[in-house]
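Novice: Numbering (the working numbering), first residue to last: 1023 to 1293. Beta carbons: idealized from backbone N, C-alpha and C, even for Gly. Structure in structure tokens, see below.
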């Protein structure tokens, strides 16, 4: 009502939209928040990405992925510029929805980002790869995987193995794993961990090929001996905050989520 009467959306550099959304977040008022952010009479009040990020994070936290997707489309409709946090949220939402429409939106967003020259976070691309795999679109997953620049990463390497497995390139999988074992000999090379889940998939795919199955068994033993096999699932890795020297990695499940203005959105996200 105040906005309708006065049309004031900001005070100097302070914008009221994010403050209102933070209140909705703390008070668990996601339903009215969704209605208000789509209200034509309030156009201009939620004129920046932060308001949409807070609402999508709240909806994601509560498992309301369809509503979060709806807000994402509304943000796009209103022409609010996307940034790295937006893309990360968008691809995570599409991953969770896991349907044809969200897969198409994921592909469209990636294409638009590339046309604009926007830099996507590594995990946003990893979400896109996994979403395509879940929809059995191996060609698209392979394309996304090829666009990942930072390859010295355990998430990327596990995804690459999965993409090659789904492509039927079993010998390539053996080469990737053999290279990882060889790197283990050097103390200067960062050691990449592989998911037990991914290796189990590889084992299943190679059952009918005795030679490859034997090679995989030997590689598995070496990886296990060097502590390179993790029980974390691929989804665990997707939703894991990258560790730093000061802060150990933490798994962000939906119960741990919280939104604090003092912290960057990236670290409080669904992820």
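#1: DSSP three-state label for residue 1252, please.
#2: Report yes if the CB atom of residue 1110 is closer than 9 Å to the CB atom of residue 1180, and no otherwise.
#3: Can at least three beta-carbon pairs, one atom from the region 1196 to 1204 and one from the region 1157 to 1175, be found at a separation below 8 Å?
#4: For the structure I just gave you, are there three or more beta carbon pairs, one from the region 1059 to 1074 and one from the region 1090 to 1104, closer than 8 Å?
#5: Apart from the five residues on each side of it in sequence, which residues of its chain come closer than 8 Å, Cβ to Cβ, to residue 1089?
#6: Could you have a look at residue 1216 and say whether DSSP puts it in helix, strand or coil?
#7: Considering only the alpha carbon of each residue, which of 1161, 1182, 1105 lies closest to residue 1148?
#8: For residue 1176, does the count of other Cβ atoms within 10 angstroms reach 16, so buried, or fall short, so exposed?
#9: Under 8 Å by Cβ, that's how I've got residue 1214 and residue 1224 pegged, so tell me the actual separation to the nearest angstrom.
#10: Could you check the C-alpha separation between residue 1123 and residue 1248 for me, to the nearest Å?
#11: Assign residue 1054 to one of two classes, buried (16 or more other C-beta atoms within 10 Å of its C-beta) or exposed (fewer than that).
#12: Can you tell me whether DSSP reads residue 1262 as helix, strand or coil?
#13: Rounded to whole angstroms, what is the Cα-Cα separation between residue 1096 and residue 1186?
#14: Enumerate in chain order the residues of its own chain whose CB-to-CB distance from residue 1242 is below 8 Å, with the five nearest sequence positions on each side excluded.
#15: Residue 1031 by DSSP, collapsed to three states: which one?
#16: Report the rounded CA-to-CA distance for residue 1132 versus residue 1142, giving the unit in angstroms.
#17: Can you tell me which of the three DSSP states residue 1075 falls into?
Specialist: According to the structure shown:
#1: strand
#2: no
#3: no
#4: yes
#5: 1052, 1056, 1081
#6: strand
#7: 1182
#8: buried
#9: Actually they are not in contact, since the Cβ atoms of residue 1214 and residue 1224 sit about 15 Å apart, beyond 8 Å.
#10: 42 Å
#11: exposed
#12: strand
#13: 36 Å
#14: 1221, 1225, 1251
#15: Annotation note: pLDDT 48 at residue 1031 (below 50); position unreliable, no value reported.
#16: 8 Å
#17: helix
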